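To start, the structure under review is shown below, and the notes come after it.
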Amino acid sequence: MRSEPSFPHNAWQRRLCRRHSLDYTQLLGVAFMLPPAICSVSWLLHGPLWLTLVMGVLWGTSLLVITASMTLAFVVTGKVRPQALPLSTRLNLLGMIVFQVATLLALLTGHIDWAFYLMFGLLNLTGLLRGQTLSFEAARNIVFGAALCLAFAHHVAWLILPLVFLQYLQSWIIKPRLRERIKGLPTRVEYLERSREACGSGGG
Amino acid sequence: MSQTAALWKAKIYLGMERYQEVLDLEEEARRENLAIEPLLAIAHARLGHWARALSIAEEALQAKQSGAEMAMGHVYFEDKEYELALQWYEAAAKHRTQRAVALRAAGKTLVCLGDYPEARAAYVSAIRLTPFVRPDDLLQLAKCLRHLQQERAAIEMEILAHAKE
Chain C
0 MRSEPSFPHN AWQRRLCRRH SLDYTQLLGV AFMLPPAICS VSWLLHGPLW
50 LTLVMGVLWG TSLLVITASM TLAFVVTGKV RPQALPLSTR LNLLGMIVFQ
100 VATLLALLTG HIDWAFYLMF GLLNLTGLLR GQTLSFEAAR NIVFGAALCL
150 AFAHHVAWLI LPLVFLQYLQ SWIIKPRLRE RIKGLPTRVE YLERSREACG
200 SGGG
Chain W
0 MSQTAALWKA KIYLGMERYQ EVLDLEEEAR RENLAIEPLL AIAHARLGHW
50 ARALSIAEEA LQAKQSGAEM AMGHVYFEDK EYELALQWYE AAAKHRTQRA
100 VALRAAGKTL VCLGDYPEAR AAYVSAIRLT PFVRPDDLLQ LAKCLRHLQQ
150 ERAAIEMEIL AHAKE
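One line per chain: the protein sequences are C and W, in this order. Under numbering that gives the first Met the number 0, the residue at position 10 of the first sequence is numbered 9, and the numbers go up by one with no gaps. Under numbering that gives the first Met the number 0, the residue at position 47 of the second sequence is numbered 46, and the numbers go up by one with no gaps.
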């Protein structure tokens with residue numbers, strides 16, 4: 000690449016690429032969330048049965064795969080390398096498995112509304128249980144979760160899909176103020192110490 | 000010595016600006032089949048062996064070695080070809096694991112190009128992506144802010160940099 004760049008360094012395309020990078024895991028998150036959202040909206044609006052069914056099957060399949068993977072990780076890691084799973088991680092994982100199973104049961108019994116509230120509402124509320132203080136990300140998730148549940152409860156179907164997109168792309172759009180972010184970050188020494196501790200307890 | 004020890008040694012020497020010692024590891028790395036070409040290219044570039052640095056970096060790029068784009072960026076940066084360097088740093092920033100480092104280097108390059116608003120944006124992104132505070136990043140950001148007549152924000156960054164040392 001010896002030739003001069005096709006766009007100058009301050010061209011809007013290059014500025015956009017430098018400032019924003021869409022993480023593929025976020026896109027994957029959106030892909031996983033679309034079938035539940037479409038299934039719920041279709042059910043809410045009494046839309047075509049085939050659409051509700053196809054999206055419901057996709058939703059159920061992804062739940063089944065996630066639950067099976069989590070259970071496998073829980074059982075295998077617990078047996079092979081128990082020190083890698085501290086009690087808090089074990090409880091979190093167990094809670095997530097119970098949560099996924101409950102959503103799957105709601106879906107299988109045809110209670111799409113329960114499944115929706117579990118997946119988009121209660122799952123976001125778990126942020127309240129983590130840690131002593133409410134992080135910016137957890138607060139953001141709770142607001143989105145509440146908005147989604149309210150939209151569903153009041154049959155504001157047109158708002159659900161945009162909210163789901165926003166929820167999963169929010170970290171790309173809504174960022175905490177830089178000063179707050181810096182204040183919340185550890186120093187290099189603190190970070191190294193924490194990493195060493197994590198390695199020492201087998202979780203690193 | 001484990002297989003990757005030479006690689007880590009090269010990284011550490013590079014960080015300590017002991018470039019000749021990085022080059023001394025070339026033979027050892029070749030024997031152990033380790034890909035340290037990007038680090039060698041950077042060391043050559045910093046020692047002023049520009050042509051050698053470029054050929055090694057291009058080889059690393061062809062072999063799709065990790066860090067090859069960063070090495071190309073550093074090689075062009077040392078040759079004061081800032082537009083080209085920036086282009087390679089942007090390419091490196093597409094890799095998730097290198098994004099913070101690449102944006103930091105892009106910020107430095109944009110300062111050399113005199114584009115302070117963009118340099119500020121690059122440093123802000125690098126700070127947000129790094130899991131701990133690097134006081135030097137905050138000081139560099141403060142410099143950009145000062146150039147943009149944002150004296151108060153610059154002072155604030157300097158205070159934070161000293162508090163987080």
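Note that CB positions come from ideal geometry on N, CA and C, so glycine has one too. Quantities reported herein were computed from a predicted structural model and do not represent experimental measurements.
Partner residues in the beta bridge of residue 132/W, as assigned by DSSP, are 186/C.
With contacts defined by Cβ atoms closer than 8 Å, residue 71/C and residue 103/C do not form a contacting pair. Just so you know, the alpha carbons of residue 182/C and residue 32/C end up roughly 33 Å apart. Not a single CB atom of chain W sits nearer than 8 Å to the CB of residue 167/C. For residue 96/C, no CB of chain W lies under 8 Å from its own CB, so it is not counted at the interface with that chain. At a cut-off of 8 Å between beta carbons, residue 133/W contacts chain C.
DSSP places residue 34/W in the coil class of the three-state scheme, outside both helix and strand.
Taking a beta-carbon distance threshold of 8 Å, residue 114/W counts as an interface residue toward chain C.
In this structure, DSSP gives residue 100/C a helical state, which the three-state scheme calls helix. Residues of the segment 131-157 of chain C with a C-beta atom less than 9 Å from some C-beta of chain W do not occur. The distance from the Cβ of residue 18/W to that of residue 45/W is about 5 Å, consistent with a contact at the 8 Å cut-off.
When 9 Å is used as the limit between beta carbons, residue 184/C is near these residues of chain W: 126, 129, 130, 131, 132 and 163, in chain order. Residue 58/C and residue 85/C do not touch by the CB rule: their CB atoms are close to 32 Å apart, not below 8 Å. Under the Cβ criterion (8 Å, minimum of three pairs), the segment 120-127 of chain W does not count as touching the segment 39-51 of chain C. Interface residue (Cβ-Cβ distance to chain W less than 8 Å): residue 181/C is classified as such.
When DSSP states are grouped into helix, strand and coil, residue 161/C belongs to the helix group.
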